[in-house]
């Protein structure tokens with residue numbers, strides 16, 4: 005049900021339809037579920053290591069790139085600061101060759117807020133993706149704005165049952181096989197009879213789920229990043245240089261053991 009439909013259904017019941025609208029959405033139990041795998045030429049363990057560097061530099065905040073647009077209700081939920089947990093589960097299928105070994109990679113430098121304004125990504129955030137889609141160069145990508153007080157590390161043993169949820173937007177359909185990332189609403193109790201696990205968890209913050217823009221091509225090699233430990237200052241410099249189009253500048257301020 006859309007916001008207008010929901011608000012309309014409350015009219016004539018009281019003089020405070022907006023309050024009732026917010027009460028309805030605040031009593032729902034939401035979760036943002038994202039299935040993760042290799043992307044932009046990095047395997048999953050390397051991506052998580054990079055996101056942990058980003059989380060440390062961002063005082064717990066990091067951005068996680070996703071390929072699909074958010075549900076229409078996300079903007080309203082972020083304005084109400086509705087708590088939404090993010091559950092990351094390892095994808096069951098092998099990564100596509102276009103994701104694990106793309107011919108080109110881009111760095112995204114800006115995002116569109118929920119008022120339509122174009123903003124630079126936070127200075128600690130580095131979001132990459134393959135540069136090309138099946139129809140040509142990628143012109144859009146999306147990201148979850150996340151917070152975790154705990155270090156990002158793959159975990160196992162806690163089941164996640166997507167059958168207990170339905171899509172929060174549209175007709176409330178069950179989760180589709182092609183939905184890599186989705187905002188879900190719980191409709192029933194969960195069970196342990198599921199093939200998915202809670203492998204990472206975080207909370208949505210800020211604008212929750214945003215569209216990205218202003219990509220530039222990035223040709224640096226991330227394959228050795230999982231073996232590198234850097235200070236927060238090193239990471240911030242690296243991200244700043246990565247957003248510049250000159251590849252040489254992107255590595256000039258890094259320690260020698262970070263040139264890769």
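Numbering (my numbering), first residue to last: 5 to 264.
We put the CB at the ideal spot given by N, CA and C, even for glycine.
Outcome for residue i when other beta-carbon atoms lying within 10 angstroms are tallied against a minimum of 16
i, result
"residue 84", "exposed"
"residue 138", "exposed"
"residue 166", "buried"
"residue 106", "buried"
"residue 69", "buried"
"residue 58", "buried"
"residue 49", "exposed"
"residue 38", "buried"
"residue 219", "buried"
"residue 133", "buried"
Those residues which DSSP pairs with residue i across a bridge
i, result
"residue 46", "43"
"residue 145", "216"
"residue 89", "35, 207"
"residue 2", "Outside the displayed range of the chain (5 to 264) lies residue 2, so it cannot be described from this structure."
"residue 122", "116"
Residue i and residue j closer than 8 Å at C-beta
i, j, result
"residue 130", "residue 246", "yes"
"residue 51", "residue 43", "yes"
"residue 36", "residue 148", "yes"
"residue 81", "residue 88", "yes"
"residue 209", "residue 65", "yes"
"residue 160", "residue 203", "yes"
"residue 40", "residue 125", "no"
"residue 201", "residue 164", "yes"
"residue 194", "residue 177", "no"
Chain-order list of residues whose beta-carbon lies under 7 Å from that of residue i (same chain, five-residue window excluded)
i, result
"residue 96", "199"
"residue 61", "128, 236, 239, 240"
"residue 173", "75, 76, 77, 187"
"residue 116", "122, 214, 215, 217"
Same chain, Cβ closer than 8 Å to residue i, five either side skipped, listed in chain order
i, result
"residue 26", "Note that residue 26 scores a pLDDT of 44, beneath 50, so its modelled location is shaky; the value from the coordinates is reported in the next line. So the qualifying residues of the chain are 84."
"residue 136", "102, 106, 107, 108, 142"
Same chain only: Cβ atoms within 6 Å of residue i, ignoring 5 sequence neighbours per side
i, result
"residue 55", "66, 156"
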